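Here is the structure we will look at, set down as C-alpha cells.
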Amino acid sequence: GAGVSQTPSNKVTEKGKYVELRCDPISGHTALYWYRQSLGQGPEFLIYFQGTGAADDSGLPNDRFFAVRPEGSVSTLKIQRTERGDSAVYLCASSFGRSNTQYFGPGTRLTVL
Amino acid sequence: ELKVEQNPLFLSMQEGKNYTIYCNYSTTSDRLYWYRQDPGKSLESLFVLLSNGAVKQEGRLMASLDTKARLSTLHITAAVHDLSATYFCAVDKGGGADGLTFGKGTHLIIQP
C-alpha cells in the first residue's frame, strides 16, 4: 500500500508568517509522530498522536508550534510567527501502535527567509 | 535526559572491507532501531532490536543489542558502494514517554 505522504514537499516563507504542514499516514496506523531534522543532525521528536489525541507533545519547542489530528488519520503541524531558526526538514512517521517500527514520510523542507 | 551517541560520525572505507558502527545510549530502553537515510531522502527502517542479545541480519548488515552495556552495533561485512548512506540509531524514550531519540548519524562513504 501507499506509504506516509507529506505536503508540501518544499515550503518557503517569510519570517513572521504562518505555515501548515500536512501528513497523511499509512492507512490503519493509529500512531503518528512529527519530527524535525536540521542539516547534519538526527531527527528530533516533536509530538506523538495516538488516535485523535496528542499523547506526548513534550518535544514542541514553544507555543508557536501546534499540531492536530481531528479524525485520527491526517495530521497538520502548524507554526505561527515563523522564525529563521524554524528552517528544517519536518518529518512525519506512523506506526501500527505505540513502540512499533515507525515508517517515515519524505518530509517537508521548510525555509524561513 | 536520554542521550544517544554514535561513533564514528563519519566513515570512509573501501569496498570489500568490514567495519562496525557503535551506538551508546544513556538510560534503560526496551527497543533500539536502526535507520538508513540517503541524501535528500527520508529514513528507511533497517532493524528493530527488542531484547538483550538480539541479533538481526539483512544482507551485508548485522545489528546487535546489549541492553546491559546500553550498546548496539551495526556491522558491515564486505562493504559495497550501494551501502553508502547515513545510518542512524534511535531509542524509545521509555518511561511511558513516546517518540524516538536519535543519534547524530554515521555518514558512511564506501569507495570502489
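Keeping their order, the protein sequence lines are chains F and D. Read left to right, the first sequence gives residues 1 to 113 (the working numbering). Read left to right, the second sequence gives residues 1001 to 1112 (the working numbering). Don't be surprised by glycine CBs; every beta carbon is placed ideally from N, CA and C. Model, not experiment: these values are computed from the prediction.
What is the residue span of the beta strand (DSSP E) that residue i lies within?
i	result
residue 39/F	Unbroken run through residue 39/F: none, as it is neither H nor E.
residue 1056/D	1055-1058
residue 1101/D	1100-1102
Looking at the structure shown, is residue i part of a helix, part of a strand, or coil, going by DSSP?
i	result
residue 46/F	strand
residue 29/F	coil
residue 84/F	helix
residue 77/F	strand
residue 1082/D	helix
residue 101/F	coil
residue 96/F	coil
residue 1007/D	strand
residue 1064/D	strand
residue 71/F	coil
residue 1069/D	coil
Tell me residue i's beta-bridge partners as DSSP assigns them.
i	result
residue 14/F	Paired residue(s): none; residue 14/F is not in a bridge.
residue 4/F	According to DSSP, residue 4/F bridges with nothing at all.
residue 1020/D	1075/D
residue 22/F	7/F, 76/F
residue 1049/D	1032/D
residue 59/F	Partner(s): none; residue 59/F has no beta bridge.
residue 1012/D	1109/D
residue 109/F	10/F, 89/F
residue 1044/D	1036/D
residue 53/F	50/F
How big is the Cα-Cα spacing for residue i and residue j?
i	j	result
residue 17/F	residue 1107/D	34 Å
residue 1004/D	residue 1065/D	14 Å
residue 54/F	residue 1109/D	39 Å
residue 56/F	residue 1093/D	11 Å
residue 1012/D	residue 1022/D	15 Å
residue 31/F	residue 1086/D	26 Å
residue 1100/D	residue 1078/D	30 Å
residue 72/F	residue 96/F	13 Å
residue 1048/D	residue 7/F	28 Å
residue 67/F	residue 86/F	15 Å
residue 102/F	residue 1088/D	13 Å
residue 1076/D	residue 1009/D	15 Å
residue 1002/D	residue 1024/D	11 Å
residue 1067/D	residue 1026/D	11 Å
residue 13/F	residue 105/F	21 Å
Chain B partners of residue i, CB-CB under 9 Å?
i	result
residue 1048/D	You won't find chain B in this structure, because its protein chains are F and D.
For residue i, verify whether its CB is less than 8 Å away from any heavy atom of the ligand ATP.
i	result
residue 38/F	Of the ligands one can find in the structure shown there are none, so the ligand ATP has no counterpart to examine.
Touching by the beta-carbon criterion (3+ pairs, under 8 Å), the segment 22-36 of chain F and the segment 84-96 of chain F: yes
Touch test, the segment 1072-1085 of chain D against the segment 1032-1042 of chain D, Cβ-Cβ under 8 Å, three pairs minimum: yes
Segment contact flag, the segment 76-88 of chain F with the segment 2-20 of chain F, C-beta cutoff 8 Å, min 3 pairs: yes
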